[in-house]
Amino acid sequence: LTTQQTITNLPKLKQLEILSVYGMVDNWQHFQTLLIAAHNISTLCIDLDCAIKLFENTGEDLTFSRVLHLFIDGNNCDVTLKNEHIHSLSKTFSDIHSLKIKYKTENLIEADIVGSILDNCKQLIVFTINGRISDDISLEHIQKWLIEYSSRLKNPNKDYQVDFCDNWFQIWL
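All letters in the sequence shown, in the order written, are residues 416 to 588 by the working numbering.
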């Protein structure tokens, strides 16, 4: 029995809307086949370690265009996304509308990562990340801080809203 035959024998997959992945995925092609069969999935929750493995898996051309809402949970690990992961994220999840990244609360929010996400994820409407902002940036100057790192926000005709509360940073585009 092939993977495709196995998946077509699971008709309930078509009813799934949210998929959570905790742990590692051994075969991304099988995972992509699963997501294709479960064509109503619009929300994917994935461990940060697993997401990084996906983004570093450059040997396969994977796209999950049906995923509109992506939650990356890094609360239980010490790694963070790097700039080289953002290009893969935007290519793999090309149509995401909302992205939420949860780090350990004490992590500093890196402006260049935020800017890279905003510039590369063209369909993004809301982006949320937890952590601390640098002590030298006041809440009143957070928009200037963002504009410095994101060319998408430099457009004077572009309206956006920024909130920072209880170590959660959120931007609505």
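Using N, Cα and C, we set each Cβ at its ideal position, and we do this for glycine too.
Looking at residue i: is its Cβ nearer than 9 Å to the Cβ of residue j?
i: D488; j: K517; result: yes
i: L428; j: A453; result: yes
i: L561; j: G530; result: yes
i: D510; j: V482; result: yes
i: N490; j: W443; result: no
i: F508; j: F479; result: yes
i: H556; j: K515; result: no
Relative to the alpha-carbon of residue i, which residue among the options has its alpha-carbon at the smallest distance?
i: F584; options: K427, T520, I433 and F479; result: T520
i: L496; options: I528, V436 and N455; result: I528
i: I433; options: Q444, Q538, L533 and L450; result: L450
i: T458; options: F579, E499, V436 and D493; result: V436
i: C580; options: L431, I456, I532 and T543; result: T543
i: D578; options: N572, N570, E563 and S553; result: S553
i: Q538; options: E563, Q558, N455 and K506; result: K506
i: I456; options: L431, G438 and T448; result: L431
i: G394; options: N582, C460 and E563; result: No information on residue 394 is available, as it lies outside the stretch 416 to 588 that the chain covers here.
Within a Cβ cutoff of 6 Å, which residues of the same chain sit near residue i, ignoring the five residues on either side of it in sequence?
i: V541; result: S513 and W587
i: S565; result: G530, L533 and D534
i: C492; result: L463 and D464
Considering only residues of the same chain and omitting the five flanking positions on each side of residue i, which have a CB-CB separation below 7 Å?
i: Y575; result: L568, I586, W587 and L588
i: H502; result: N535
i: Q558; result: V577
i: H500; result: I467 and F470
Enumerate in chain order the residues of its own chain whose CB-to-CB distance from residue i is below 8 Å, with the five nearest sequence positions on each side excluded.
i: V440; result: F446, C465, K468 and L469
i: N582; result: T520, N545, G546 and R547
Are the region 520-534 and the region 542-560 touching by the rule of at least three beta carbon pairs closer than 8 Å?
By the Cβ test, the region 520-534 is in contact with the region 542-560, since at least three Cβ pairs between them sit closer than 8 Å.
Extract the residue ranges of the alpha helix (DSSP H) inside the region 460-492, only unbroken runs of 4 or more that lie entirely within it.
Unbroken alpha helix (DSSP H) stretches of 4 residues or longer found wholly inside the region 460-492: 463-471, given in chain order.
What alpha helix (DSSP H) runs, 4 residues minimum, are completely inside the region 519-563?
Restricting attention to alpha helix (DSSP H) runs no shorter than 4 residues, the region 519-563 encloses them at 526-535, ordered along the chain.
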